[in-house]
Every structure is written in C-alpha cells, then in structure tokens.
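In our numbering, the protein residues as written are 2 to 527. Glycine is no exception: its CB is placed at the ideal position from the N, C-alpha and C atoms.
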Amino acid sequence: MTMSADAPAQSFDDSSPAEGAPQDVRLGRSTLLGLVGSLSVVIGAILGGQAFENHLPGAWFFGMPGGLFGSLGSSNAQPPVYSLIAVYGGLILMARVWFGLLRRVGGQHGLPVRRIVCVIAVWALPFLIGPPLFSHDVYSYAGQGEMVSHHINPYDYGTGVLGSTPFNAMANGVWTNTPSPYGPTFLAIDGALDNVADHQVLPDVVLLRLVELGGLALALASIPTLARRHGRDPAQAVLLGLGSPLILATLVSGAHNDALMVGLLLAGLAVAQRLGTAPGIVLCAIAAGVKSPAALGVLFLGWVWAGSGASVRRRLMHAAGAGLIALGTLEVLSLVSGLTWGWLRTGTAANQSFTAVTPVGAVAKAFAGLAAVVNLHISVLGARTVLSILGLTCAGVIGLVMLWKSPQWGAPMTMGVTLLMVALLGPILWAWYVTWGVVVLAAVATPRLRVAVIGISTFEAFVGATALKRVAETMYHAGLLPDLILVATLFALVIVPLAQFGRTQAPLLPLSSLPRRGLLDRVSTA
C-alpha cells in the first residue's frame with residue numbers, strides 16, 4: 002500500500018509563504034503586554050471567586066478560603082465588577098496582542114519557531130501558576146482517576162460512589178451520578194496519576210495539568226511539520242494554534258483533556274506524513290481513547306491511504322483496514338487498562354449538561370420566541386431537540402463532503418473543518434470543544450480559514466470565561482455607576498493604541514503595501 006496522507010493540498014489554497022530571509026522582529030513588547038493580560042485574567046478570576054474557579058478550601062495552593070490571599074476572593078456566585086474588569090479586560094488585551102503579533106509574524110515568514118514558543122510560554126506562566134479557571138472538569142478527572150485506582154469502573158458509576166470525599170465534593174455536581182465519557186487511554190493515565198499523587202486531590206490536579214501540557218507539547222512538535230508540508234509558515238501556525246486566549250484559558254489553565262486528545266491527533270497526522278499511514282492511525286486511535294471525536298483521524302487517514310487516484314472501492318477497503326488497526330489498538334488499551342468498552346455507551350454523558358451559548362440553543366430560543374408571537378406553543382426544549390438532530394445531520398453532510406475532498410485538499414485540512422463543524426453544530430458546546438478543529442486547522446489553514454480560526458477562538462475565549470447570566474446579574478445589582486465604569490474601561494482597552502507602550506526596531510509597512518492576508522491585514526498592530 003502506498004501512503005498518501007501527505008497528498009497535495011495546494012488546490013485549496015491561494016497563497017504561499019514569501020521568499021527571502023525574514024527581517025528582525027522584536028517580540029519584547031508583545032511578550033510583556035500579553036503577560037500583563039494573562040496576569041490580569043488570573044488575578045481577576047481569583048478575586049471573582051466561585052464565578053470563575055472552584056472556590057473550595059484545598060482546591061489550589063492559594064486564592065481559596067483559608068489559603069493565601071483567600072480573604073480577597075469572593076464567595077458569591079456573582080463576581081464583583083472589578084473582577085469582571087480584570088478578567089475581560091485581560092482577555093481583550095491578550096486578544097489584541099495576539100492579533101498584532103499574528104500580523105507581524107505573517108509578514109515575516111521564516112521567523113524561528115522557538116521565539117514564538119518563548120512568547121507563548123511567558124503568556125502561559127500566570128495560567129500555570131494560578132488555579133484551574135472557568136471549569137471544574139479537572140476535579141472530575143481526579144475523581145474518576147480515584148475510582149480507577151480503586152478498581153471501580155467509571156463507566157458504571159459517577160464520582161458520587163466515592164462518598165463524602167474531596168474527590169466528589171470538588172467535581173461538578175453533574176458528574177456525581179454520571180458515568181465517565183472518556184476512553185481507556187485517558188482513564189488509564191488518570192488512575193496511574195492518582196496513585197502517584199497518593200490519592201490526594203491537589204497533587205493529582207497538578208499532575209493532570211502537566212499531562213495536558215504534554216498534549217500541547219505534542220501539538221507543538223507536530224504543527225511545524227504539517228505547516229511546512231502544506232506551504233504554511235510554521236511560526237505563524239504555532240502562534241495561531243497555541244497562542245490564543247482560548248487555548249491558554251481552557252487547555253493550559255482549565256487542564257481539559259482535549260489538549261491530550263488534540264496533541265495525539267496532530268502527532269498521528271505528522272507521523273503519517275513522515276513515517277507512514279499505519280503508525281499515524283495507531284496514534285489517532287490512541288487519541289480516540291481519550292475522547293471519541295479523534296476517531297475522525299482514523300477515518301480520514303484511512304480514506305487518503307489508497308492514494309490520490311484510487312477508486313472508491315479501494316478507498317473503502319483502506320478505510321476498513323484503518324478501522325481494524327484502530328479497533329486492535331483500542332482493544333489493547335482496554336485490556337492493559339483493565340477497562341471495558343463501556344465508554345461507547347457513555348460517550349454522550351456530557352450532554353446532560355446544557356450550555357447557554359450554542360448555535361443550536363440560540364436558534365431554538367429564537368424559534369420558540371417567534372412561535373409565541375404567532376400564538377404557537379413550541380417549547381425551547383422541543384425546538385432544541387429537533388434542531389440538534391438537524392445540526393448533527395448538517396455536520397455529517399459537511400463531514401462527508403470533506404472526506405470526499407480529502408485526497409485533494411489533504412487530511413489535516415478536511416478533518417479540521419469536520420471537527421469544527423461537529424463542535425459548533427452539536428447539541429452541547431463548551432469553549433474547549435472548538436479547540437478540536439482550530440488547533441488542527443492552524444497548521445494548514447488558508448487565509449479564509451485563518452480568519453475563521455481567529456474569530457471563533459476569540460469569541461469562545463470570552464464566552465467560556467463564565468456564565469453570561471452571572472455577568473448580567475452582577476451588572477444588574479451593581480448599579481449604574483459601576484456598570485458605566487465597567488463598559489468604559491473595556492471599551493478603552495479595545496481602542497487604546499498599544500504601540501505607544503513600546504517601539505519595534507523598524508516601523509511596519511503600511512497595510513496597503515502588504516499582500517492581502519484576510520483579516521490580519523485589517524487588524525491594527527498590537
């Protein structure tokens with residue numbers, strides 16, 4: 002069999018990297034401003050208390066009741082106005098710096114990747130030191146790891162089976178009676194970490210965050226390989242995929258296992274191009290053993306395995322072969338971990354939780370509201386159920402089109418689009434779900450897709466910070482003057498010219514003299 006995972010992708014592109022050696026680009030100002038932004042987010046979240054983080058004693062080293070700076074944090078569900086200013090102001094600053102640096106790096110092809118990695122590492126430092134923000138999921142991971150370490154099958158029970166312990170108390174209540182939706186790869190690692198942590202919550206959470214950083218390290222190692230193969234600039238691809246506020250706030254700070262899944266998935270794509278499709282499929286199967294959406298990597302690699310001119314029958318045979326390799330890999334993982342295939346029946350367990358801002362949910366509310374105007378009694382839940390089915394159907398159709406085009410456009414491009422559509426059109430959308438697609442697409446995105454990645458990443462970073470209902474309640478109870486201060490401060494952060502805080506070595510060329518690069522040419526320099 003011949004490998005074609007690195008099939009030509011130029012038919013889906015309308016640009017190529019510029020020739021010639023890059024000019025020197027100073028990154029000190031962007032590094033400093035991004036650090037200020039991330040510090041603001043972390044400090045504001047700690048001051049905001051349980052609206053942004055798990056505000057229980059012992060959940061982190063500081064910022065909790067009874068701990069260092071614990072008295073500064075809020076114990077109310079509604080964050081104070083100054084906390085909102087710090088969190089959302091910090092996110093605005095981070096987004097602006099990220100935009101500006103993307104534009105500068107996009108105009109200087111050939112910038113060493115290590116320089117961008119150093120900038121991102123500085124931005125990420127406050128998130129690494131601070132507590133897990135914007136989600137309690139890492140505490141539910143710890144609880145499920147405690148179950149695995151005691152040979153309790155997490156596909157049969159929720160964390161409530163642990164009784165009155167910190168492992169159950171710190172996890173989100175939805176997991177008390179909900180089985181785990183994660184695969185044997187993650188749960189085996191999870192149980193091993195719990196043993197290493199000597200069955201203590203806080204050390205376990207720290208180790209889980211380190212594992213997710215390992216997933217991001219895999220992504221970092223893989224993105225340049227995929228970017229070069231598809232004619233993209235590696236430094237810009239790394240910055241686009243791993244430097245956004247979304248990635249730093251959810252995958253680094255929140256320690257979601259999506260980081261491990263995406264890292265293994267990208268590693269599979271990169272290995273498929275360098276070493277062969279079969280080992281790439283094995284890595285994608287291991288990624289699917291973290292979260293099931295990564296199984297798309299097996300399908301897309303299997304489909305392009307047959308070569309660019311293969312018949313449909315031959316492609317189906319290769320896809321079936323890829324499926325057998327994946328099944329064998331997952332069976333080995335299940336046997337080694339001692340877990341069953343129960344994750345296939347619990348994969349939709351997360352759907353028991355509802356998110357406020359999803360395309361499907363927004364359309365359902367709008368539809369129910371319009372129906373009420375014309376005296377039709379349609380509930381939001383009923384409309385949501387129907388629209389969820391339609392959304393998943395649309396995602397499936399888009400996925401089939403992408404699969405058909407994958408031999409010409411490349412597996413990373415088409416799979417990334419499919420993962421993004423599965424997240425956006427699904428019934429449940431958490432901010433970290435979109436990282437499945439945006440990190441993969443960052444390595445191979447054309448200018449138009451790059452615009453989509455930037456827009457979606459930025460929007461979800463702000464939406465994922467906390468429940469919008471809490472923000473509205475805080476503003477409602479704060480009074481007119483604090484609300485005006487909040488709005489004025491955030492607006493000022495949006496429009497203030499950041500260039501006044503530092504100088505580049507040489508002024509940037511005017512936008513009109515640069516080649517068109519979509520949105521990045523229309524964003525002011527940070």
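Fill in: Chain-order list of residues whose beta-carbon lies under 7 Å from that of Ala384 (same chain, five-residue window excluded)
Ala365, Phe368, Ala369
Item to complete: Pull up the DSSP beta-bridge partners for Glu54, would you.
Response: Leu134
Worksheet item: Roughly how many whole angstroms lie between the Cα atoms of Ser335 and Pro155?
Response: 13 Å
Worksheet item: Going by beta carbon distance, what residues of the same chain come within less than 8 Å of Ser41, once the five residues before and after it are set aside?
Response: Ala87, Val88, Gly90, Gly91, Leu94
Discussion item. So the candidates are Pro428, Ile282, Ala222, Val375; which of them puts its Cα closest to the Cα of Gly392?
Written reply: Pro428
Item to complete: Return yes when the Cβ of Leu85 is within less than 9 Å of the Cβ of Leu481, no when it is not.
Response: no
Worksheet item: Can you find a C-beta in chain D that's less than 9 Å from the C-beta of Val263?
Response: Absent here is chain D; the protein component of the structure consists of one chain.
Discussion item. Can you give me the C-alpha to C-alpha distance between Gly174 and Leu442, rounded to a whole angstrom?
Written reply: 34 Å
Worksheet item: Going along the chain, which residues of its own chain have a beta-carbon closer than 7 Å to the beta-carbon of Ile153, five neighbours each way excluded?
Response: Leaving aside the five residues that flank Ile153 on each side, the residues in its chain whose CB is nearer than 7 Å to its CB run, in chain order, Val162.
Worksheet item: Grouping DSSP H, G and I as helix and E and B as strand, with all else coil, what is Lys292?
Response: coil
Discussion item. Going by beta-carbon coordinates alone, are Ala268 and Leu217 separated by less than 9 Å?
Written reply: no
Worksheet entry | Alpha-carbon spacing of Pro18 relative to Ala320, whole angstroms | Reliability of the predicted coordinates at Pro18 is poor, the pLDDT of 43 falling under 50, and the value obtained from them is presented with this limitation in mind. Going from the Cα of Pro18 to the Cα of Ala320 covers about 33 Å.
Worksheet item: Could you give the residue range of the alpha helix (DSSP H) that holds His110?
Response: In the DSSP annotation of this structure, His110 is not part of any alpha helix (DSSP H), being labelled neither H nor E.
Practice prompt. Flag this pair as touching only if the region 428-437 and the region 249-264 have three or more C-beta atom pairs under 8 Å; answer yes or no.
Written response: yes
Worksheet item: Does the distance from the CB of Val139 to the CB of Leu221 come in under 9 Å?
Response: no
Practice prompt. Using only alpha-carbon positions, find the residue among Gly290, Leu302, Ala286 that is nearest to Thr278.
Written response: Leu302
Worksheet item: In or out: Asn55 buried (at least 16 other Cβ within 10 Å) or exposed?
Response: buried
Worksheet item: Under the three-state reduction of DSSP, which class applies to Pro80: helix, strand or coil?
Response: Pro80 falls in the coil class under three-state DSSP.
Discussion item. Determine whether the beta carbon atoms of Arg105 and Ser31 lie at a separation below 9 Å.
Written reply: yes
Practice prompt. Starting from Pro483, trace the alpha helix (DSSP H) both ways and give me its first and last residue.
Written response: 481-496
Item to complete: List the endpoints of the continuous alpha helix (DSSP H) containing Ser223.
Response: That run of the alpha helix (DSSP H) goes 202-230.
Item to complete: Would you decide whether Pro80 is buried or exposed? Buried here means 16 or more other CB atoms lie within 10 Å of its CB.
Response: buried
Fill in: Proximal residues to Leu420 (C-beta, below 8 Å), its chain only, five neighbours per side dropped
Pro294, Leu297, Trp437, Gly438, Val441
Item to complete: In angstroms with no decimal places, state the Cα-to-Cα distance between Ser389 and Gly397.
Response: 12 Å
Discussion item. Please classify Trp304 as buried or exposed, where buried requires at least 16 other C-beta atoms within 10 Å of its C-beta.
Written reply: buried
Item to complete: Inspect the beta-carbon positions of Ala432 and Ala462 and report whether they are closer than 9 Å.
Response: yes
Practice prompt. In the DSSP assignment, find the alpha helix (DSSP H) that holds Met171 and state where it starts and stops.
Written response: Looking at the DSSP string, Met171 is not in any alpha helix (DSSP H), and its letter there is neither H nor E.
Discussion item. Out of Tyr142, Asn178, Ser150, which one is the CA nearest neighbour of Asp157?
Written reply: Asn178
Worksheet entry | Reduced DSSP category for Asp234 - H, G, I as helix; E, B as strand; rest coil | coil
Practice prompt. Run the CB neighbour count on Glu332, radius 10 Å, all protein chains shown included, and call it buried at 16 or more, exposed below.
Written response: exposed
Worksheet entry | Straight-line gap, Pro360 to Ser136 (C-alpha atoms, nearest Å) | 21 Å
Worksheet item: Between Ala271 and Thr226, which are expected to be in contact by the criterion C-beta below 8 Å, what is the C-beta distance as a whole number of angstroms?
Response: Ala271 to Thr226, Cβ: 4 Å. Contact.
Worksheet item: Using the beta-carbon count (16 or more within 10 Å), is Val402 buried or exposed?
Response: Val402 should be labelled exposed.
Worksheet item: Count the other CB atoms within 10 Å of the CB of Val202; is the residue buried (16 or more) or exposed (fewer)?
Response: buried
Fill in: C-beta contact flag for Met171 and Leu57 at 9 Å
yes
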